[in-house]
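> Residue numbers (this note's numbering), protein chains in the order written: chain F, 1 to 482; chain C, 483 to 1533. Before we start, here is the structure in question, set down as C-alpha cells.
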Amino acid sequence: MALYKYESQVRPPLVDGNKTYHQITEDIVRPIEARPSKLWWTGFLISVALLCFGIFSVTREVIYGVGQWNLHKTVGWGWDITNFVWWVGIGHAGTLISAILLLFRQGWRTGVNRAAEAMTIFAVMCAGQFPIWHMGRVWMAFFVLPYPNSRGSLWPNFNSPLLWDVFAVGTYFTVSVLFWYCGLLPDLATVRDRAKLKWRKFFYGLTSFGWTGSTKHWQRHEYLSLILAGLATPLVLSVHTIVSFDFATSIVPGWHTTIFPPYFVAGAVFSGFAMVQTLLIITRKVFNLKEYITLEHIDVMNKIIVLTGSIVGIAYLSELFVAWYSQNPYEATAFMQDRANLFTPYGWAYYIMMSCNVLSPQVFWSRKMRRNLTVTFFMSVIVNIGMWFERFVIIVSSIYRDYIPSAWATYYSPSIWEVGFYLGTFGLFFTCYFLFSKFFPVIALAEIKHILKKSGDGFKEKMGEAEKEAPEAFAHEMAHAH
Amino acid sequence: MSEKKYWQNFGERNSSESSRKLAENEFQEDLPMESFDSKGLLEVKTPRRDFLKYLGFSTAAATLAASCEVPVRKVIPYLNKPENMIPGVADYYATTYVSGGDAVSIVAKVRDGRPIKLEGNELSGITHGGTSARVQASVLDLYDTARLRYPVQMVNGLPQEVTSFEAFDKLVSQSMAGQSGSLVLLTSTITSPTSNQIISEFLAKYPGSRHIQYDADSFSGMLLANEAAYGKRSIPSYHFENAKVIVSLGADFLGTWLSPVEFARQYAKGRKIDEKAPEMNRHYQFESLLSMTGANADERFAHKPSETGAVALSLLAALGGNVTAPSISDKLKAAVAKVAKDLSAAKGKALVVCGSNDMHIQLIVNAINEAVGANGTTISWSSPFLTRQGIDSEFSALVDDMNAGKISSLLIYDANPAYDYYDAKKFKTGLEKVKTSVSFNGRLDETSELCKYVLPSPHFLERWGDAQPKPGYISLIQPVIAPLFLTRPYEDSLMKWSGNSTGSYDEFFKKYWEDKLGGLEAYEKALQDGVLESKTTDAGVVNPAGVTASYNGSKLADAVTAIGSKKGSDLELVLYMQVSMGTGSQANNPWLLEFPDPITRGAWDNYAMVSPKFLKDNYDIDLSDAHQADSFEVHPERPVIRIKANGKETTIPIVPVPGTAEGVIAIAVGYGRESADPKNTASFIGRAVPGAGRNAYPFATSNGTTVDWSATGVSFEKTNEEYQVAFSQTHNSYEGRTSVIKEMSLEDFIKDPNEVPEERENELKKFGGIENYEKDGTLYGYYDKPGIHWGMSIDLNSCVGCGACVIACHAENNVAVVGKNEVMRFHDMHWLRIDRYFTGNYADPDSVQTIFQPMLCQHCDNAPCENVCPVSATNHSSEGLNQMVYNRCIGTRYCANNCPFKVRRFNWADYTQADSFPNNQDQHGVGVLNDSVLMMNDDLTRMVLNPDVTVRSRGVMEKCSFCVQRLQDGKLKAKKEDRPLLDMVDVRTSCQQACPTEAIVFGNINDSKSAIVKERVDNHHRLYHVLEELHVLPNISYLAKVRNPESEAKA
C-alpha cells in the first residue's frame, strides 16, 4: 500500500488502458512478431531510395571533387556543416532523456527514451557523414586520428576545434550506443523468450547476451545504467559546446561569439525534442502505442520545447545587442546587415529562423495546444526547419561577407548533389529507424513495467486508498520497504 | 669473495653432458619452418599455433602483390649531357618579347631545356626590368596547343600539310610565277633592324612591291599629326617622371597605350612619396570609360568620345592658344579651366597625352604640349618610338587595291586584319582576289586560314632576332629552346624567295651583329646582356637633356575646323583594350583570359561597360541603393542588350561601372575570335577561344584617314536574355573599413603626417599601442624570432593595378587555370589578386575614385588558419612563413573560412589532372571544366610548369608561399658561396620581380640594413597592416595611398 506513496496522486498517469504486465509485453512486441505492414514497406523503400540517392551524390563528390557542391573561395562551408550541426543537435534529446532525466528520476522518460535514444544514434550517424565527406581528400580522413604512424610520426593538431569534434562526437556516439544497448538487453531477452521462429530465437538469443533475468543481472544492469548515465550527462552538454567551438573559437565575425556554447546546447535540446515529437507521434499512431506514449508525454516535451525555444530566442537577441553594444563594425555588419536586414541576400533566412524558432513555439504556453497532436506535429517540423536555418544563418551569412569586402561572395545556393547528400542522410536515418522499429521494441519494455505500479492509470486510481491508511501502519511499511 | 655458485637445475649442478649440450644450443626446439624441408608448401602440415602467422603473411603478401602494382614511369637521363646544363638547375638567357610592334627586354628562365618563366631584363634602359601581364603570359604561348605545327596549303578552308620547306618554297614560287600584279608584304610594325634590311632587299627584287605595316591599335593619327607639326612621322619619347602635372585625354598609358611598362615606371617614380619632403605629380584624366589609368588619376572627368576634340580645344584655348573654345558642358568647362590653371603653373613640368587616333585632335594636343613647354622636357625627340609605324590610309589603300585585283601576291606576317580590321569583310573579299597569299602567322588565325599558303614562324623564344623599340635601344632575341615544330622565321623565306642568299636568317643575324659590333666577343657579350644601348642618347640619363623638335603650327586651323564639325549623339560607343587581352593576339592564352580585369574584375569575356545611370534608366536597378546593389552584385547574370552602330549589331551583356560617362557604352576589343567556320575555332585559333566574348572591332569607324575606335549614333534594345559574366570580385566598396584601406590626400598628409600612426595607435592603445601590441595584445606567450624573418611591403601609391604580378605568380607557382565556368562559381585559384574598390557617388562619374590593393597571403605570425587545421597541414616556419603542406592537407577548408583576408584557394575539382582518381575531369552537370582547363593539362602545355613547385591535386588547399622555392634557392646560393644573404639580389618573389613600378619590396625584416626595413622605416607615416586590430600579426605591410587632387581652397 505504501508503494503508492512514492508517486504523487496529482501527477497524471503515464500508462493508460489499465495494463497488466502481460498486456504491455503483447502490445510492444506485437510489431516485431507480426509481418510488416504495407505502410512500413512503403516507408522503408522510400528511405532506402533516398539513401541510394545520397550514396550516389556522395560518390560524385568523392570522384569529381568538392566542386560538385556550390561552395566557393569565400563560403567554404555551407550545407555540409549546416547539416552536420543540425543532425548533431537532433541527436541531443535522446541522451538528455535517457541520462539526465534518469538521474533526475523523471518517470515519464520511460515511455519515450528507447525511441529517443535510437533517434540519437541514427542522428549522430547522419551527422558524422558530413564532416567526413566534406573533406577534399576523404581517403586521408584517418590523418585526424592520433596514432603512432610511419609518417614521421605526424600528430594531429590538438588546437583545432575540428579535432575536438572528432573526439566529442566519437565519444558521444560510443556512450549513446552502449547506453541504448544496455537498456535493450532485458527487452531483447523478452522477445527471445517468446520467439517461435528459429532465426528469431537465434538472433535475439545472440543479441540479448544470455540475459536470464536473474537478480544479479538486474543489479548489474542497474549499476551499468547509472554509470553510463553519469558518463553521458556531461556529454550532453559537451558535444554541442564543442561543436559550437568550431565557430566560437574562429575569428569570423558572426562566429566568434562567447554565447555560443549554452546557446548551441539549448538549440540542440530544442531541435532534439522536436524530432522526438515528430517520430513519436508517427510511431504511436502506426504501432498503436498511444497508451504508452500518452498526451502527458507529448505535453511534457512541448514544455521543454517552449523553454529551450525561448532560451534560443534570448540568445538571438543578446547577439544583436552585443553586436550593437560592442561597436565592432565587422560584427555590426554580420548581425545588423547580413542577418537582421531582410533586404540583404540572406536576410530571408534569418527571418525564417526567427519565426520558426522564437515566435511559433510560443503557442505552447497554452495547455490546449501542447496537447493537440496536429499542432504538435506541425510545430515539431517547423522547429526543425527553424533550427536548420539557424545553423545556415550562422555559417553562411557570417562567412559570405566578412572582413575584406573584395572577397564578399556571389550568392551561395546548394547544388543538386549537396541537396542529394542531405536527402541521403534522411534516407539513412529513416532506413535505420524503420529497421529499428521492426526489429527492436520501440518502447523500453522493462522500464515501462517498472513504472507501471506507480504511474499506470489502474494503480493511480488506487492511490486514494493509501491516504486512508493509519500513519503507524504506513511507518511500519516504510521501515520494512526496500 | 665467496665461491658460491648458483645453479638452475640439477643437470647444471652436476654438469651433466646433456645439460651442457642443451645450454649451448640456443634454439632448443626446432623452428616450425623446418617442417618445410623437402616437402612442397601445400603438403606441409601447418602447426595450429602457426596458423595465424601464415594467414597474416599470406594475406599481406597477396595484398601487396595485388594492390601495389604501380605503372612504372621511367625518367630517362641524358645519354650525352649537354654542356653547361645541369638537370634541376635553371639557366637564364636574355632575349626579347616581341608582339605587334611591342618589344620588352626579358630574361628567360630555362629549366632542363624548357623556358618556364620570363623576367624583365634589368639592363634595359627602357623597362628597367619591368614586365606586363602580357609579357609574363607569353611563355605560355610557346606551348600553345593550337600553334600550327608545319607548313600547310589551304584547300577548301582546310589545312593540308606540306612536308618540307623546300616543297613549300616550290609551291609558292610556282604560284607567284608570271604574275602581273604587284607584291605586298603586310606586317605589323617591324622594329627589327635585321628584318628590315632583309625586307628592303626582298622588296628590291620585286619591282612595284611594297611593305605595308598595319597596327591593330593604330597610332597613325598621332604619326600624321607629328609629321604635320614636327616634320617627323614618329612618336616621341615621353618622360612622365619629369612631369608635375600629367593630363591624359583618354590615353591608357599605364595599361595599354604605346609603352605601358616604361610609362608605369616613370609615372610611379613621380608618385613615390619621400616622407621628409612629400610631393608628387598630379594626374588628370579626361576619358569616356574608366580605364586603369583613369583609375589611378587624382582627378577624372568623364565625357563622351565625340567630345575629346572639344575638350582638347578648350584646353588649348584656356592655355592661351589662338583658338576659340567650343561649347562644352559647364562641368567640363570648369574642369578644363582647373586643369589649364594647373598646367600653366607647371610650365616645363607638364605633359599632355592623348589616346585618340584622330590626327586633328593630336595636332591640338601637340599645340597644348608646346604651350605648356613639354617639348624638350617631358617630351623628348632624341629617341622616338619605332613601335608603331602603321598608317591606316596605306592599309585601306591596300585593301582597295586588293579588291581591284591589283595585288597578285600578299605575304602576311604577324598581322590579322581579317579579325582586327574595322572593315574585315572588305579585306576578306580582297584577299580572295589575291592569287598568291602567304601567311607567316604562327597559327591558323582568321587571316591565315583565308590565305593559300601558311608557313608558321617560330615563337620568339625559339628564334634569333632583334628589336629596336627606339633608336639606340636594341634588344636581342636568342632562342632558348629548339623549335618545337616545323617552323621557319619569315625572314628565311624572304631571303630564299628573293634569291639574295642561300643561307638562313640565323647566319645572317650573326654576321650582321658581329660586323656591327666588331667581333664574336662583343656579339656574345651583347647576347648575354640582351640589350645594346648607345649611351649617347638619353638612355639611362635621369634628366634627359631635352631634345626639342621645331614646332610648326600651320595645320592647327584645319584641325580646329575639323573638330568643330564633329557631331556627337545621345548614345555613343567606344572601344578600348583590356590590360590583359590587348588587341587579341594572345587570345588563346588561358592565363590572360582568366586574369580579372583591373576595373570590372570580370574574366574570360568582354562586355559592354555602361554607367550606373544606364542600368537605372533601363533596368530600374539603382546601384546607389545598398539593397538593390546587393541583390544585383551577388549573381553573375547580367542583362544582355543588342547594340547597333554603323550598320553592325551584336548582343552583349552589360556591366555597370561607376565612372563611365553617361551615354557611353564601352566594349573591349580582342575577344570574340572566330574561324570562318566556327566549328574550326578550337582547332585553328585555340581551345580556350570559343565562347570568350564577342568581336568589337566591327564597331570601329574610319574618319577617312584613320580608324576611330568610337562610334556615334548608337542605338540599343533590351533583350530578354541574361548572360553570366565570370567575376572574381562582386562587392565594389570597402565599406569605409579603414583598417583595410587607408588613403588620404597629399595636402592632408603634409598637414598631418601622423594621421595613420595616430589612428593605429588609437586603435591599439588598449593593447599596448603599436610598440607593444604584439606582446600585449594576446594572452599567449611571446617568442623571439631570430634569424631570417621574411616580410613584404606593398606601396598602394605605386601600384597601378596592371596585374603583371598576378600573371607572374601564375607562371611561377603553377597556379591552375580553372576556366570560365569555375571562375563564375567563384573558384578561381589566384594566389595573388588585385582588389579594386570604388568610392564616391555612383551618380556622378567624376566623383568616383578607385583604389587597387594587391592581396595575397599575409603570412601572419599569429595566423588564424594555422590553429584550426585538424592535421597541422598549414603551419608556421621559423622564418615567419605560413606554409602549406599539400601532402598533409585533407581539405576541410576550415583554414580558408578562418582567413580574414580570404586568400586561401581550394582545389575544388581536378584542375591539374594530378588527382588520385583518373579520368575525373569530364563531369557533366555541376562543375563542368571548360576545354581551356583540359588544354592546360596537355602534355605540351604542361612543359611550362615550374618543376620546383608541386602541382596541387584536387581536394587540397593552397595559397601564396612567398615563392618559398626562390627563398630556398637564394639561401642555398648564399650558403654555397659562404656569404650572408644579399638583400634584393638573392631572393625576390615573383610578384616583386615582375612589378614595373617597384611597388613590392621583400626581404628579411631582421636585417636592419635590408630594403624592406628601410622601406618600412622611411615610410612609417604611411605604414599599416591590414586588419591589424585582429592581432593576426601580418608580415605584409602596406603603405597608405596618397592622392593629390587640386584642393578646393587653392582652386
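For glycine and all other residues, C-beta sits at the position ideal for the given N, C-alpha and C. Predicted model, so just to flag it, every value in this text is computed and none were measured.
If you count every other CB in all the chains shown that lies within 10 Å of the CB of C/Gln679, and 16 or more means buried, which is it?
Exposed.
> How about the region 1275 to 1287 of chain C and the region 763 to 779 of chain C: do they share at least three Cβ pairs that are nearer than 8 Å?
Segments in contact, yes.
> Determine, for F/Lys73, whether the minimum Cβ-Cβ distance to residues of chain C falls below 8 Å.
Interface residue, yes.
> In angstroms with no decimal places, state the Cα-to-Cα distance between F/Trp133 and F/Val62.
Distance between the alpha carbons of F/Trp133 and F/Val62: 8 Å.
> One question on the structure: do F/Thr120 and F/Ser176 come within less than 8 Å of each other, judged by their Cβ atoms?
Result yes, Cβ atoms of F/Thr120 and F/Ser176 sit closer than 8 Å.
> Hey, C/Tyr749 and C/Phe783 are a contact pair by Cβ (cut 8 Å); roughly how many whole angstroms apart?
Rounded, the Cβ-Cβ distance is 19 Å, inconsistent with contact.
> Kindly list, in the order they appear in chain F, the residues whose Cβ is closer than 7 Å to that of C/Gly1409.
Ordered by position in chain F, the residues that pass the 7 Å Cβ test against C/Gly1409 are Tyr64, Gly67, Gln68.
> Can you tell me the Cα-Cα spacing of F/Leu235 and F/Val191, whole angstroms?
Taking the straight line from one Cα to the other gives about 31 Å.
> Does the structure place the region 1264 to 1278 of chain C close enough to the region 599 to 609 of chain C that three or more beta carbon pairs sit under 8 Å?
Flag = no, the region 599 to 609 of chain C and the region 1264 to 1278 of chain C do not touch.
> Could you give the C-beta distance for C/Pro760 and C/Phe1231, rounded to a whole number, given that I count them as a contact under 8 Å?
At roughly 6 Å, the Cβ-Cβ gap stays under 8 Å, so C/Pro760 and C/Phe1231 are in contact.
> In three-state DSSP terms, what is C/Asp1451?
Three-state result, C/Asp1451: helix.
> Since C/Ile694 sits in a beta bridge, which residues does DSSP pair it with?
Beta-bridge pairing links C/Ile694 to C/Leu668.
> Regarding C/Thr1260 and the ligand GTP, is the C-beta to nearest heavy atom distance less than 7 Å?
The ligand content of the structure shown is nil, which means the ligand GTP is not present either.
> Do C/Ser1036 and C/Pro953 have their beta-carbon atoms positioned less than 8 Å apart in this structure?
Contact flag unset, no.
> Can you tell me whether C/Trp1272 is helix, strand or coil according to DSSP?
Strand at C/Trp1272.
> What first and last residue would you give for the beta strand (DSSP E) that runs through C/Pro1135?
C/Pro1135 -> beta strand (DSSP E) spans 1130 to 1138.
> Within 8 Å (strictly less), CB to CB, does C/Ala1178 reach chain F?
So no, C/Ala1178 is outside the interface.
> Determine, using beta-carbon pairs with one atom in the region 1381 to 1400 of chain C and one in the region 403 to 417 of chain F, whether at least three such pairs fall under 8 Å.
Counting Cβ pairs under 8 Å, three or more are found: they touch.
> If you reduce the DSSP assignment to three classes, tell me which class C/Asn1380 lands in.
It is helical.
> Cβ of C/Phe1114 less than 8 Å from any chain F Cβ?
For C/Phe1114, the answer is no, since every Cβ of chain F falls outside 8 Å of its Cβ.
> Checking 8 Å against the spacing of the C-beta atoms, do C/Lys802 and C/Ala879 come in under that value?
Residue 802 of chain C is actually Gly in this sequence, not Lys. Not in contact: C/Gly802 and C/Ala879 (Cβ atoms no closer than 8 Å).
> Run through chain C and tell me which residues come within less than 9 Å of F/Arg137, C-beta to C-beta.
Near F/Arg137 (Cβ distances below 9 Å), the residues of chain C are Cys1371, Ile1372, Gly1373, Ser1398, Ser1435, Arg1436, Gly1437, Val1438.
> Within the 8 Å Cβ cut-off, does C/Arg1120 reach chain F?
No - not a single Cβ of chain F is within 8 Å of the one on C/Arg1120.
> Output yes or no for whether 8 Å exceeds the beta carbon distance between F/Asp187 and F/Pro441.
Yes, the Cβ-Cβ distance between F/Asp187 and F/Pro441 is below 8 Å.
> For chain F, is any of its Cβ atoms less than 8 Å away from the one on C/Cys1351?
So yes, C/Cys1351 belongs to the interface.
> Along the region 334 to 360 of chain F, where does the CB come closer than 7 Å to a CB of chain C? Name the residues.
Taking 7 Å as the Cβ-Cβ cut-off against chain C, the residues of the region 334 to 360 of chain F that qualify are Phe343, Thr344, Pro345.
> Of all Cβ atoms in chain C, is any one closer than 8 Å to the Cβ of F/Ala485?
Nothing can be reported for residue 485 of chain F, as the shown portion of chain F is limited to 1 through 482.
> Can you have a look at C/Val1514 and say buried or exposed, based on whether 16 or more other CB atoms are within 10 angstroms of its CB?
Under this definition C/Val1514 is a buried residue.
> Quick one: using the 10 Å Cβ neighbour count with 16 as the cut-off for buried, is C/Val1524 buried or exposed?
Label assigned to C/Val1524: buried.
> Any Cβ of chain C within less than 8 Å of the Cβ of F/Trp40?
So no, F/Trp40 is outside the interface.
> Using the DSSP secondary-structure output, state which residues sit across from C/His765 in a beta bridge.
Its beta-bridge partners are C/Ile728.
> Can you give the Cα-Cα distance for C/Ala710 and C/Asn848, rounded to whole angstroms?
Taking the straight line from one Cα to the other gives about 10 Å.
> Report yes or no: is there a C-beta of chain C within less than 8 Å of the C-beta of F/Asn288?
It does not; no Cβ of chain C falls within 8 Å.
> DSSP three-state call for C/Lys1049: helix, strand or coil?
C/Lys1049 falls in the coil class under three-state DSSP.
> How about F/Pro262: is its C-beta nearer than 8 Å to some C-beta of chain C?
So, not an interface residue.
> Just to confirm before moving on: does the CB-CB distance between C/Leu976 and C/Ile588 stay below 8 Å?
Going by C-beta atoms, C/Leu976 is not nearer than 8 Å to C/Ile588.
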